[in-house]
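J.:
In our numbering, the protein residues as written are -16 to 501.
#1: Mind reading off the beta-carbon distance from residue 196 to residue 177? Whole number of angstroms is fine, and I expect it under 8 Å.
#2: Could you give the residue range of the beta strand (DSSP E) that holds residue 515?
#3: Here's the rule: buried if 16 or more other CB atoms are within 10 angstroms of the residue's CB, otherwise exposed. What is residue 483?
#4: Check for me: the alpha helix (DSSP H) holding residue 303 runs from which residue to which?
#5: Please report how far the alpha carbon of residue 321 lies from the alpha carbon of residue 226, in whole angstroms.
#6: Just list the beta strand (DSSP E) runs in the stretch -12 to 55, keeping only unbroken ones of 3 residues or longer that don't cross its boundaries, in chain order.
#7: Could you please give me the residues that DSSP links to residue 347 through a beta bridge?
#8: According to the neighbour-count rule (16 or more other Cβ atoms, all chains shown, within 10 Å of its Cβ), is residue 141 buried or exposed?
#9: With burial defined as no fewer than 16 other Cβ atoms inside 10 Å of the residue's Cβ, what is the status of residue 462: buried or exposed?
#10: State the CB to CB distance for the pair residue 345 and residue 417, rounded to an integer number of angstroms; the pair is presumed to be in contact (CB under 8 Å).
#11: For residue 409, does the three-state DSSP call read helix, strand or coil?
#12: Using the three-state DSSP reduction, which class does residue 176 fall into: helix, strand or coil?
#13: Take the Cβ of residue -1 as the centre, count every other Cβ of all protein chains shown within 10 Å, and call the residue buried at 16 or more, exposed below.
#14: Write down every uninterrupted run of the alpha helix (DSSP H) in the stretch 404 to 466 whose length is 4 residues or greater and which is fully enclosed by it, in chain order.
#15: Which one of 464, 458, 465 has the shortest CA to CA distance from residue 200?
#16: Report, in whole angstroms, the separation of the C-beta atoms of residue 526 and residue 305, which I expect to be a contact under 8 Å.
#17: Of the choices 96, 28, 130, whose alpha-carbon is the least far from that of residue 63?
#18: Can the beta-carbon of residue 98 be found closer than 8 Å to that of residue 52?
#19: Along the chain, where does the beta strand (DSSP E) that runs through residue 167 open and close?
#20: Does residue 252 come out as helix, strand or coil in the three-state DSSP assignment?
#21: Starting from residue 100, follow its DSSP beta bridges and name the residues at the other end.
#22: On a Cα-Cα basis, can you pick out the residue from 152, 219, 284, 379 that is closest to residue 60?
#23: Am I right that residue 182 and residue 157 are in contact with their C-beta atoms under 8 Å? What's the rounded C-beta distance?
#24: Between which two residues does the beta strand (DSSP E) holding residue 476 run?
#25: Does DSSP put residue 340 in a helix, a strand or coil?
#26: Can you pull the DSSP bridge partners for residue 216?
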């Protein structure tokens, strides 16, 4: 397939969706003469998660462009990085990584016979490589080594010497794997520039470096194997995927830290742009977030597509031999490990996620207007019992008419961080009952009769707690609580079967029995 493409077509395919390429002109020159030789390496530390589909989708592009691709299982790097992989588990981790990476590639239709798989210790313990490590260590300063690994090597108060060796070894891999280019995340840029600076000093050629963007985690930061809340594991069951996506940070209008939207853009679109009907309306990710596509709609579509990718991987790892490998490579930590019972430090850094942290109030809609930059309405003024009315921009309003909203009492979450939506600042969140079917059904929640703007809404049993002044987006407090917000068959609003109340009675909706609250 790659041979049928022109050098320009190969260049476009190789570089699409990359954040940066160092050495573009050299890349173009090579493609005019022959196929590119490129490698991607992964340290065999924690369990790979769904963000690994980002480099996998690029490896698919490289193969379509005719590249010769090597995948390096960097077991020695895993040990050097603050011993993230204990020496006695190195071989088992490599075996796990090889099986799971191959399963991922098969799930996206990548032919394995066109790939070369290499283990780091197969050549990194050789006499020649070891001598080059010593030669390089005589040139690289401590400052440069520390700076190069700052975003990749685990940073601790008293760093080990092994962490300083890590960037140099990764640079030498380019020579010993005999490649033209190295591909990795943009977090490795400083290692790449160290390689470009020092490899010529050893008499080796400066390589091309290609970088994909980092997909944010579910909590808004970097997706990490060591942070359970930030990731979806490749072997997570369907219900676990649903639960994690429901809690995921997916704030309307926030593109940069939106892990769900980034996954669509960098994985699902490149792999299945012609197949996923549910994404036809969201071809331009940023454009649609700014047009207030509702997070629930996006998450439901991603859940469906993601499970299609994960199903063959999960099925493969049901084999007894692979179940045993998984348990051996990642043994459960000792249950006795950690602080003693009653140790106050055990939960000192953990904030309790409870409903009383939400500032939910009754509001009265004063005016509803058409959004000047979007084909939808927004709530221009809502009285929430304060001196100044608040403005609400919400994707849910698209499912409601002006007649359903004007002059009515509604229920609002008032302590979210204000967020600009296409130039209009949204200062609260409209809470609605919703049933996610086609077509989607949405109704505003109803306060009890006689309620007034500003009346507090609380969950039974959590009346006395004080709401946060402002909910921090990355803490995803509301998203974690929202999972258990439901409408009963009697149309009562509840959290974990406890009623949402005001001093006058229960919060209800009109008709959406068994719906969710969002």
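Positions of the beta carbon are idealized from the N, C-alpha and C atoms, including for glycine.
T.: Let me spell this out:
#1: Wrong, their Cβ atoms sit about 21 Å apart, outside the cutoff.
#2: Nothing about residue 515 can be reported from this structure: the residues present for the chain run from -16 to 501 only.
#3: It is buried - the Cβ of residue 483 has at least 16 other Cβ atoms within 10 Å.
#4: If you look at residue 303, you'll find it in the alpha helix (DSSP H) that goes 303 to 312.
#5: Any reading at residue 321 must be qualified, since the residue scores a pLDDT of 43, below 50, and its modelled position is unreliable; the value itself is stated next. When rounded, the distance between both Cα atoms is 27 Å.
#6: Complete beta strand (DSSP E) runs here, min 3: 3 to 5, 20 to 26.
#7: Beta-bridge pairing links residue 347 to 366, 392.
#8: It counts as exposed.
#9: Residue burial is scored here from C-beta neighbours: residue 462 has at least 16 other C-beta atoms within 10 angstroms and is therefore classed as buried.
#10: Incorrect: roughly 20 Å between the Cβ atoms, too far for contact.
#11: In the structure shown, residue 409 sits in a strand (DSSP, three-state: E or B).
#12: Residue 176: helix per DSSP, three-state reduction.
#13: By the neighbour-count rule (16 or more Cβ atoms within 10 Å), residue -1 is not buried but exposed.
#14: Counting whole runs of 4 or more residues, the stretch 404 to 466 contains the alpha helix (DSSP H) stretches 460 to 465.
#15: Residue 458 is the option with its Cα nearest to residue 200.
#16: As displayed, the chain neither begins before -16 nor continues past 501, which places residue 526 out of reach and without an answer.
#17: Closest by alpha carbon: 28.
#18: Yes, they are a contact pair.
#19: For residue 167, the uninterrupted beta strand (DSSP E) run begins and ends at 164 to 168, by DSSP.
#20: Correct three-state label for residue 252: helix.
#21: Residue 100 pairs with 54.
#22: The closest CA to that of residue 60, considering only 152, 219, 284, 379, is found on 152.
#23: Contact between residue 182 and residue 157 is confirmed by a C-beta separation of about 7 Å, below the 8 Å threshold.
#24: Its beta strand (DSSP E) spans residues 476 to 478.
#25: Three-state result, residue 340: helix.
#26: As a beta-bridge residue in DSSP terms, residue 216 pairs with 32.
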